[in-house]
Structures are given as structure tokens and as C-alpha cells.
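Only one structure is covered here, and it is reproduced in the block below.
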Amino acid sequence: MPPRHRCGGFLEHLSSETFMSSFNRRIGIIGTGFGAQVHAPGFRSEGWEVAAFCSRSREKAEKAAHAAGVEGVHTDPLELIRRDDLAAVAITTPPGSHHPLCVAALKAGKHVLCEKPFAIDAKQAAEMRDLADKTGRTAMINHEFRHTPQRAYIKDLLSDGYIGKFQLCTVELFLDRYVSGQPRPLTWMASKSQGGGVLGALGSHYIDGLR
1 MPPRHRCGGF LEHLSSETFM SSFNRRIGII GTGFGAQVHA PGFRSEGWEV
51 AAFCSRSREK AEKAAHAAGV EGVHTDPLEL IRRDDLAAVA ITTPPGSHHP
101 LCVAALKAGK HVLCEKPFAI DAKQAAEMRD LADKTGRTAM INHEFRHTPQ
151 RAYIKDLLSD GYIGKFQLCT VELFLDRYVS GQPRPLTWMA SKSQGGGVLG
201 ALGSHYIDGL R
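Position 135 of the sequence shown, counting from 1, maps to 135 under the numbering used here, and the rest follow consecutively.
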């Protein structure tokens with residue numbers, strides 16, 4: 001079974017014949033952590049051009065751009081979103097900023113790949129979904145685990161009735177970064193207002209998998 005990269009579903013959708021004739025393959029990435037480490041290689045592996053990075057820290061944006069051989073550097077996400085040469089935007093910032101950035105990108109006519117959790121509550125998520133429908137743009141959540149070979153194999157086994165009728169699933173997760181005993185600085189993961197917490201950041205993967 002061939003491996004699937006993390007941005008697979010989004011790129012496959014946008015690369016369909018429906019969209020191919022209507023836009024270029026240039027994308028801007030807002031966020032220089034996960035976005036620079038994972039999204040950028042994923043997009044480029046499918047022939048997309050990463051044209052710009054954005055971070056509140058110019059130093060981080062420049063570092064990500066330099067590492068990727070990209071010229072575009074922004075500290076204002078709205079400046080990146082307003083660029084006419086981009087077809088899509090990847091939002092890889094903390095969840096508390098997803099709603100305003102996604103709304104701005106959709107209104108600017110951009111397709112959006114947004115990290116999960118999609119928003120900090122269902123109301124925001126519904127607004128983003130409805131705006132995508134209204135503008136005719138694609139707004140997709142990056143549930144990347146659903147594209148891994150392991151998940152696909154498990155799904156095939158269940159669909160083929162390998163274990164009989166599927167009735168119960170128990171999920172256990174061990175992350176040594178949370179039990180290392182070493183003090184760590186507080187980040188958005190510890191902030192409710194920013195959409196932090198294990199359920200949204202990690203549990204969402206398993207809820208998506210069970211669906």
C-alpha cells in the first residue's frame with residue numbers, strides 16, 4: 001500500500017479536473033512550526049509551490065523561508081492572504097486564531113487547509129463551513145492520520161469483516177513528552193481560550209478515525 005502524505009486529501013481534491021483549470025499551484029503557509037516541518041514538504045512532494053511563510057516573528061518566518069528556499073516572508077497573515085498569486089492558504093497556527101484567519105482567506109477567494117481543531121467551538125466551525133459553501137472554496141481540516149497506510153489497512157480489515165461486527169474500540173495513547181519530568185513552558189495547549197487540551201489536539205484524530 002503506497003504511503004500517503006499529510007496533506008493528501010486536500011491536494012487530491014484541489015487537483016481534480018474540477019479545479020485544475022481555475023487556479024495555480026501556489027500556496028502560502030501561516031505558521032512556521034508544524035507548517036514548515038510537515039506541510040511544506042507535503043505540498044512540494046505533490047508539485048505545489050510553497051510561495052510564502054508567515055509568522056508573528058520575522059526571524060522565524062525568514063528561517064522557515066530560507067530553509068525551504070522561499071522568498072515570501074510575512075509577519076501579517078492578512079498580508080499573505082491578500083496576495084493575488086496564491087491559490088490556497090495553509091493555517092497551522094493555534095486553534096484560537098483559526099476562525100478569523102479562515103474567514104479572511106475564504107473571503108479573499110483562497111482555498112484553505114486548516115489544522116485541527118478546526119475552531120474553538122461548534123458555532124465558529126459552522127460559520128467557517130457555511131462561508132466555504134457560500135464562496136465555493138474548499139475549507140478542509142488536516143486530519144492527516146486518516147491518510148496513513150496503517151489507518152487504511154485497518155479500515156479495509158473492518159470493511160471485509162475480518163473481526164466480525166465492529167462494536168467497541170479502546171484507544172490508548174502514550175506521549176513521553178508529557179511525562180518526562182522536565183518542566184516545559186506553557187503554550188496554547190494549556191489554554192482553553194486558545195483551543196488547547198488533549199481532546200482537541202489529539203483526541204480529534206481518534207474520533208475522526210472512528211468515524
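We put the CB at the ideal spot given by N, CA and C, even for glycine. Treat the numbers as computed from the prediction; the structure is a model and nothing was measured.
When the five nearest sequence neighbours on each side are left out, the beta carbons in the same chain lying within less than 7 angstroms of the beta carbon of Q194 are those of P94, P95, G96 and W188, in order along the chain. At a Cβ-Cβ threshold of 7 angstroms, I29 and W48 do not count as neighbours. The region 70–83 makes contact with the region 38–54: 3 or more CB pairs, one atom from each, lie closer than 8 angstroms.
Rounded to whole angstroms, the separation of the alpha carbons of E172 and H111 is 34 angstroms. According to the DSSP secondary-structure assignment, H111 is paired through a beta bridge with A88. Segment contact: the region 151–159 against the region 59–68, fewer than three CB-CB distances shorter than 8 angstroms; contact not assigned. Beta-bridge partners of H74 (DSSP): C54. If you draw a straight line from the Cα of F174 to the Cα of V198, it comes to about 12 angstroms.
The Cβ neighbour count for T170, taken over all protein chains shown within 10 Å, is under 16; the residue is labelled exposed. Excluding sequence positions up to five before and after D85, its CB lies within less than 7 angstroms of the CB of R26 and A51, all in the same chain and listed in chain order. In this structure, L106 sits away from T138, with a CB-CB distance that is not shorter than 7 angstroms. A straight line joining the alpha-carbon of G35 with that of I91 spans about 8 angstroms. Of G31, Y153 and R211, the smallest CA-CA separation from I81 is found for G31.
Uninterrupted alpha helix (DSSP H) stretches at least 4 residues long and entirely within the region 103–177 occur at 122–135 and 149–159, given in chain order.
Closest option to I154, judged by alpha-carbon separation, among A88, L210 and A65: L210. When the five nearest sequence neighbours on each side are left out, the beta carbons in the same chain lying within less than 7 angstroms of the beta carbon of H98 are those of I91, C114, F118 and A119, in order along the chain. Annotation: G209 is outside any beta strand (DSSP E); the continuous alpha helix (DSSP H) that includes it extends over S204 to L210. For R26, the three-state secondary structure derived from DSSP is strand. At a Cβ-Cβ threshold of 7 angstroms, D208 and H143 count as neighbours. Within the same chain, and ignoring the five residues on either side of V103 in sequence, the residues whose Cβ sits closer than 8 angstroms to its Cβ are E127, M128 and L131.
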